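For what it's worth, my numbering labels the leading residue of the first sequence as 432, then goes sequentially.
By construction, the Cβ of each residue, glycine as well, lies at the ideal position given by its N, Cα and C atoms.
Quantities reported herein were computed from a predicted structural model and do not represent experimental measurements.
Input: a single structure, listed below in structure tokens.
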Amino acid sequence: MLTLMQLYGKLLDSYGHQGWWPIIGHEGNNPTKTGSIKGYHPKDYSFPRNDCERFEICIGAILTQNTNWANVEKSLINLCNKDFLSPQKIIDNFDKVRELIKPSGYYNIKAKYLLNFSRFYFELSKRAPARNELLAVKGIGRETADSILLYAYNEPIFVVDAYTKRLVKGLGLLDTEDYETIRAYFEANLPRSFEIFSEFHALIVEHAKHYYSKKPYRLNDFLK
DNA sequence: TTCCAGGCAATAC
DNA sequence: GTATTGCATGGA
432 MLTLMQLYGK LLDSYGHQGW WPIIGHEGNN PTKTGSIKGY HPKDYSFPRN
482 DCERFEICIG AILTQNTNWA NVEKSLINLC NKDFLSPQKI IDNFDKVREL
532 IKPSGYYNIK AKYLLNFSRF YFELSKRAPA RNELLAVKGI GRETADSILL
582 YAYNEPIFVV DAYTKRLVKG LGLLDTEDYE TIRAYFEANL PRSFEIFSEF
632 HALIVEHAKH YYSKKPYRLN DFLK
């Protein structure tokens, strides 16, 4: 039976370091990414480097809900060009923000989500949020909360997404779709390391884009 | 043209 | 707790 560390090693050998979470404006370069997608920073775990980047990660985590990252990037660039990547600017310019985030879809509800989160973030005043505090914000569900804790605050929380659920089922690791059960499984069987958790989740997404996207899913027994 | 994308909340049972 | 539905743009 494959251990999770062995699975992690195989994914890392196959796809290399992913450099998540992408930061727009950062001149990153990842050979596994193509086109206009930028902002990845392989082997550099020093992010976020400031409060602006931390907030950008949080906003991106909300905008990418059920949405391709290339579309999210367009919205983030729109916001960045207007210097709107701060909680105060989003609070003060709701209608403009709503227009600027159209490329990433669901723009009416996501604009409200960004407003809700911005108010919450402003009230935090630099303090790190607790998981249950994040979950109390309308628009922040479990995956978004955990993405924020992991990538914006470097806390060792394992992020579970739709791809992770397909992978654990496909490899026969677990027979459940339950978010907390899957998260507990990864967290209990891996070193409690922010670097490993962030890299592992990114690798699962990269792998699943190749094998667990369009049905029927492709065989990936080389991981077993 | 159809399908898919790094979910979430509301609702119904 | 599980199942269903609306939310929307843009690329393959």
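Quiz prompt | Whole runs of the alpha helix (DSSP H) within the region 551-583, excluding any shorter than 4 residues | solution = 562-566, 573-578
Quiz prompt | Whole-angstrom distance between P518 and L654, CA atom to CA atom | solution = 42 angstroms
Exercise. Round the Cβ separation of I571 and L580 to the nearest angstrom and send it over; I've been treating them as touching at under 8 angstroms.
Key: Not a contact, Cβ separation roughly 11 angstroms.
Quiz item: Looking at K541 and L494, is the spacing between their C-beta atoms short of 8 angstroms?
Solution: yes
Quiz item: Can you give the Cα-Cα distance for S394 and G601, rounded to whole angstroms?
Solution: The structure shown does not extend to residue 394, since the chain is modelled only from 432 to 655, so the question has no answer here.
Practice problem: Pick helix, strand or coil for S549, following the three-state DSSP scheme. | Solution: helix
Exercise. Name the two residues that bound the continuous alpha helix (DSSP H) containing T612.
Key: 610-619
Quiz item: Are the region 618-631 and the region 581-596 touching, with three or more C-beta to C-beta distances below 8 angstroms?
Solution: yes
Exercise. Could you check the C-alpha separation between L555 and I468 for me, to the nearest Å?
Key: 31 angstroms
Exercise. Grab the span of the alpha helix (DSSP H) containing M432 for me, first residue to last.
Key: Careful: M432 lies outside any alpha helix (DSSP H) and carries neither H nor E.
Quiz item: How big is the Cα-Cα spacing for Q496 and E484?
Solution: 19 angstroms
Practice problem: Starting from the C-beta of S596, find all residues in its chain whose C-beta is less than 6 angstroms away, skip the five residues before and the five after it, and write them out in chain order. | Solution: Reading the sequence as shown, one finds Lys at residue 596 and not Ser. If we look at K596 and ignore the five residues flanking it on each side, its Cβ neighbours are E608.
Quiz item: Buried or exposed: where does H472 fall if 16 or more other Cβ atoms within 10 Å of its Cβ makes it buried?
Solution: buried
Quiz item: Rounded to a whole number of angstroms, what is the C-alpha to C-alpha distance between Y610 and N481?
Solution: 30 angstroms
Quiz item: According to DSSP, is S477 helix, strand or coil?
Solution: coil
Quiz prompt | Euclidean distance between Cα positions of E592 and D523 | solution = The sequence given here places Asp at residue 592; Glu does not occur at that position. Cα-Cα distance, rounded: 32 angstroms.
Self-check item: Own chain partners of L614 with C-beta closer than 6 angstroms, once the 5 adjacent residues on each side are dropped
Solution: It should be pointed out that residue 614 corresponds to Arg in this sequence rather than to Leu. So the list reads F589, V591, once near-sequence residues are dropped.
Quiz item: What separation, rounded to the nearest whole angstrom, lies between the Cα atoms of F486 and I521?
Solution: 11 angstroms
Quiz prompt | 7 angstroms Cβ shell around N547 - same chain, five flanking residues per side excluded | solution = V568, K569, G570
Quiz item: Between A583 and I488, is the Cβ-Cβ spacing less than 8 angstroms?
Solution: yes
Quiz item: For the putative contact between Y538 and R550, defined by C-beta atoms under 8 angstroms, what is the C-beta separation to the nearest angstrom?
Solution: Y538 to R550, Cβ: 19 angstroms. No contact.
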